[in-house]
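Taking it in order: structure first as structure tokens, then the write-up.
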Amino acid sequence: MEAAAVLKEAIGANRPILGVVLGSGLGFWADHSLQDVKKIPYAALPDFPQSTVPGHHGCFVLGRLHGHSILCMQGRVHYYEGYTLRQVTLPVRTMIEMGIEGLVLTNAAGGIGSSLHPGDAMILRDHINFLGSNPLIGPARKGETRFPDMSEVYCRRWRAAFHALLGRSGQAEVAEGVYLATTGPSFETPAEIEAFARLGADAVGMSTVPEAILARQMQIPVFAFSCITNYAAGRSPGPLSHEEVGVTAAAAEGRLSALLEAAVMSFERRG
Ligand code: HPA
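No gaps in the numbering here: position 119 of the sequence shown is 674 in my numbering, and each next residue is one more.
Here it is, written out as structure tokens:
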């Protein structure tokens, strides 16, 4: 049986409307914010890639938020763990097979732009795929577009609704920017960060782009934001560490929760 079939059996008639990928340090959200939670460990799903990174859990969490049925990924796998990009994107493919109509992606990222500080959030307006590969390489499945358009990966309408909701609820504005994905797992050198800045990147990280590309190929609207966990290399006084990433994300928990909730609430189902 395929992963989607096992998941469907586990969650019954509860078809999720939205998929949410919780990045480094954001896994707590599913436990803190959702009601009627049901967890399905990735280990229970056939051929499913398992996360090897500390701070990344490994399960789907189905729950409800303000009446929306949401399927969260508590933990994702990365290219640097040795998985292929097809494997990295399998969980999102599975969520799409489960019937999600929109996808929220979150990540931890290093801030390149001078106006981004640790603890800030950045909404992805666009991305630069610096992975040197693409999750769509390989045979296209029946009915799938071979050359999907990427001129609006991150849904403009969803972003506008999100900013409007923040305004209405008196929350501070969140900047938009360009996210650049590298393979990692080494952090960047200061010279690389300088080059990325010249390419137009505002933040740098090791995830999100493969999932966003797959979702666009499958014509699922995408909304994504980064938690800026550190100044990128050469823009910070000291060395970078994975621990710092976790500590900053944990300190920003309250604000990140509010933003995730706003992202869910501003999703408008299509016609
Ligand atoms: N670089 C790459 N990935 C990251 C960073 C960074 O500075 N911070 C969190 N994820």
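Just so it is clear, CB atoms sit at the ideal spot from N, CA and C, and this is done for glycine as well.
Distance CB(residue i)-CB(residue j) smaller than 9 Å
i	j	result
residue 630	residue 606	yes
residue 628	residue 616	yes
residue 735	residue 754	yes
residue 769	residue 659	no
residue 748	residue 687	no
residue 533	residue 683	Residue 533 lies beyond the stretch modelled for the chain, which goes from 556 to 826, so this question has no answer here.
residue 821	residue 713	yes
residue 579	residue 801	yes
residue 648	residue 692	no
residue 680	residue 731	yes
residue 604	residue 636	yes
residue 823	residue 788	no
residue 678	residue 759	no
residue 618	residue 585	yes
residue 622	residue 778	no
residue 581	residue 811	yes
Nearest to residue i (by Cα), restricted to the options the options
i	options	result
residue 646	566, 792, 558	558
residue 791	711, 657, 667	667
residue 638	820, 825, 765, 772	765
residue 625	612, 583, 654	654
residue 564	587, 594, 586	594
residue 809	685, 623, 676	676
residue 739	648, 812, 632, 652	632
residue 672	812, 819, 803, 591	803
residue 763	806, 662, 746, 785	662
residue 806	785, 636, 793, 823	785
residue 702	774, 761, 568, 723	774
residue 776	818, 757, 813	818
residue 737	699, 761, 793	761
residue 596	561, 623, 694, 590	561
residue 727	813, 566, 696	813
residue 591	577, 576, 566	566
residue 741	583, 577, 568, 634	634
residue 685	697, 698, 751	751
residue 793	745, 650, 825	745
residue 650	576, 725, 568, 825	576
Min CB distance residue i to chain B below 9 Å
i	result
residue 825	You won't find chain B in this structure, because it holds only one protein chain.
* To do: Give, in chain order, every unbroken run of the beta strand (DSSP E) that is at least 3 residues long and sits entirely within the region 748-803.
  => 758-760, 777-786
* Count the CB pairs spanning the region 794-801 and the region 705-724 that are closer than 8 Å, and state whether there are at least three. => no
* **Three CB pairs or more closer than 8 Å across the region 597-606 and the region 569-578** => no
* Asked: Enumerated in chain order, which unbroken segments of the beta strand (DSSP E) with a length of 3 residues or greater are wholly contained in the region 575-622?
  -> For the region 575-622, the full-length beta strand (DSSP E) segments reaching 3 residues or more read 590-596, 614-620 along the chain.
* Can we say the region 767-787 touches the region 699-715, given the rule of at least three CB pairs closer than 8 Å? -> yes
* **alpha helix (DSSP H) runs wholly inside the region 668-705, at least 4 long, in chain order** => none
* Asked: In chain order, which beta strand (DSSP E) runs of at least 3 residues are fully inside the region 715-753?
  -> The DSSP assignment places 731-736 as complete runs of the beta strand (DSSP E) inside the region 715-753, in order along the chain (cut-off: 3 residues).
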